[in-house]
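> One rule links them: number in this note's numbering = place in the sequence shown (from 1) + 61.
Note that CB positions come from ideal geometry on N, CA and C, so glycine has one too.
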Amino acid sequence: MRFGDKIPYEFAELAVAVGNASNAAVAASRLGLTSALRAYVGNDEYGPQCINRLTEEKVLTDYMVTEEGKKTNYHYVLWYENDRTILVKHEDFSYSIPEMNEEPKWIYLSSLGEQSLAYHQAWATWLSQHPETKLAFQPGTFQMKLGIDALKGLYERSEVFVCNREEARRILKTEENDIAVLLKSLRALGPSIAIITDNTDGATASNGEHTYHVPMYPDQPKAYERTGAGDAFASTFTSALALGKSFEEALLWAPINSMAVVQQVGAQKGLLSREALEQFLKDAPESYKLESIV
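1) Just to check my reading of the structure: Tyr216 and Pro252 have Cβ atoms closer than 8 Å, yes? What is that Cβ distance to the nearest angstrom?
2) Compare the Cα-Cα distances from Lys213 to each of Ser189, Cys224, Pro316, Glu227 and report the closest residue.
3) Which parts of the stretch 232-314 are runs of the beta strand (DSSP E), unbroken and 3 residues or longer, counting only runs that do not cross its ends?
4) Can you tell me the Cα-Cα spacing of Gln325 and Gly331, whole angstroms?
5) The alpha helix (DSSP H) with Val126 in it runs from where to where?
6) Could you tell me whether the Cβ atoms of Thr127 and Val102 are closer together than 8 Å?
7) With a threshold of 6 Å on Cβ separation, who are the neighbours of Ser246 within its own chain once the five nearest residues in sequence on each side are excluded?
8) Straight-line CA distance for Gly130 to Asp105?
9) Taking 8 Å as the cut-off, decide whether the C-beta atoms of Leu312 and Tyr273 are in contact.
10) Please go through the same chain and pick out, in chain order, the residues whose beta-carbon is closer than 8 Å to the beta-carbon of Leu139, but skip the five residues on each side of it.
11) Expressed to the nearest angstrom, what Euclidean distance is found between the alpha-carbon atoms of Ser90 and Leu302?
12) Restricting to Cα atoms, I'd like to know which of Lys283, Thr299, Val221, His191 is closest to Ser267.
13) Note down, in chain order, each residue of its chain lying with its Cβ closer than 6 Å to the Cβ of Glu74, except the 5 sequence neighbours on either side.
14) If you run the structure through DSSP and keep just helix, strand and coil, what is Asn225?
15) Just mark Met125 as buried or exposed, buried being the case when its beta carbon has 16 or more other beta carbons within 10 Å.
16) Would Val323 pass as a contact of Tyr349 if the rule is Cβ separation under 8 Å?
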């Protein structure tokens with residue numbers, strides 16, 4: 062695309078209340094968990110639309126904040142063929158940890174704006190005071206930019222850590238491309254389970270005792286639009302653990318929701334119910350299995 066050009070497009074679709082954390086909350090809700098979202102919207106027209114949409118998905122919005130004088134985050138996905146580029150702008154909200162009715166079993170932390178370092182540190186302190194709560198950490202662009210040292214407490218406290226191959230290299234500031242080596246380096250930062258997704262080449266995960274590669278679940282049909290595939294994988298893996306599934310079972314669940322979400326436009330439409338996901342697992346081809354990595 063040349064700057065200044067007028068470029069025709071086929072259509073536009075508004076996907077309300079999407080984002081890494083909200084996608085995870087919707088995925089968990091559809092899989093049968095009770096999920097609540099702590100996120101911020103502005104007092105503009107779009108904010109109430111987001112909250113209403115989450116309510117429709119049975120995501121609890123008790124901890125949502127509508128901040129006066131701010132605009133709700135609004136991102137643009139430029140979609141070409143089956144891949145995309147996302148234009149991102151985070152509003153500078155007054156982040157704070159909510160008073161919760163009860164201690165959650167899991168906290169799922171993902172993309173936040175670059176002015177949110179103090180908020181991350183507050184969560185690290187909160188987690189240190191609530192050792193029974195498990196943390197799933199799927200870092201976004203600005204969290205990776207903040208660096209390992211700034212978020213040391215969160216890396217150390219993570220039960221589950223998920224990123225893709227290029228993100229792992231960026232986080233570790235390395236040219237290393239071997240996933241087994243990258244996983245070992247990520248786990249050395251503290252996470253009990255580290256997972257690296259690798260686009261259509263599936264994902265590799267390690268819990269220190271076992272390392273497995275799981276293939277992509279066969280597209281049925283071919284992928285339509287890939288936004289949200291990584292969120293679906295990470296949130297489904299975490300949700301499976303929260304539902305009492307083993308490390309191995311959770312790894313087989315995660316790619317199925319990734320496959321389903323890329324059949325639709327946006328990051329939430331294709332997310333599956335537990336019943337639908339388990340049916341896909343039952344109908345999986347023989348090739349869909351874990352490969353142990355030594």
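Short version:
1) The count along the sequence shown starts at 1 and reaches residue 216 at position 155. The count along the sequence shown starts at 1 and reaches residue 252 at position 191. Confirmed, Cβ separation roughly 7 Å.
2) As a working note, residue 213 is residue 152 in the sequence shown. Measuring from the Cα of Lys213, the nearest candidate turns out to be Ser189.
3) 254-258, 264-267, 272-275
4) In the sequence shown, residue 325 corresponds to position 264, counting from 1. In the sequence shown, residue 331 corresponds to position 270, counting from 1. Taking the straight line from one Cα to the other gives about 6 Å.
5) The residue you call residue 126 lines up with position 65 of the sequence shown. Premise fails: Val126 lies in the beta strand (DSSP E), 126-128, not in any alpha helix (DSSP H).
6) Your numbering for residue 127 matches position 66 in the sequence shown. Your numbering for residue 102 matches position 41 in the sequence shown. Yes, these two residues count as a Cβ contact at 8 Å.
7) By 1-based counting over the sequence shown, the position of residue 246 is 185. Beyond the five residues adjoining it in sequence on each side, Ser246 comes within less than 6 Å, by CB distance, of Leu233 in the same chain, given in chain order.
8) Taking the sequence shown and counting its residues from 1, one reaches residue 130 at position 69. Taking the sequence shown and counting its residues from 1, one reaches residue 105 at position 44. About 8 Å.
9) The residue labelled residue 312 in the question sits at position 251 within the sequence shown. The residue labelled residue 273 in the question sits at position 212 within the sequence shown. Taking 8 Å as the Cβ cut-off, Leu312 and Tyr273 qualify as a contacting pair.
10) One-based indexing of the sequence shown puts residue 139 at position 78. Answer for Leu139: Arg145, Thr146, Ile147, Leu148, listed in chain order.
11) Walking along the sequence shown from the start, residue 90 turns up at place 29. Walking along the sequence shown from the start, residue 302 turns up at place 241. Roughly 14 Å between the two C-alpha positions.
12) On the sequence shown, residue 267 is found 206 positions in, with the first residue counted as 1. The candidate whose alpha carbon is nearest that of Ser267 is Val221.
13) As a working mapping, residue 74 is identified with position 13 in the sequence shown. The residues are Val326.
14) Taking the sequence shown and counting its residues from 1, the one referred to as residue 225 is at position 164. Reduced to three states, the DSSP call for Asn225 is strand.
15) Locating residue 125 in the sequence shown gives position 64, where the first residue counts as 1. The residue is buried, with at least 16 neighbouring Cβ atoms inside 10 Å.
16) What you label residue 323 is simply residue 262 of the sequence shown in a count that begins at 1. What you label residue 349 is simply residue 288 of the sequence shown in a count that begins at 1. No, the Cβ-Cβ distance between Val323 and Tyr349 is not below 8 Å.
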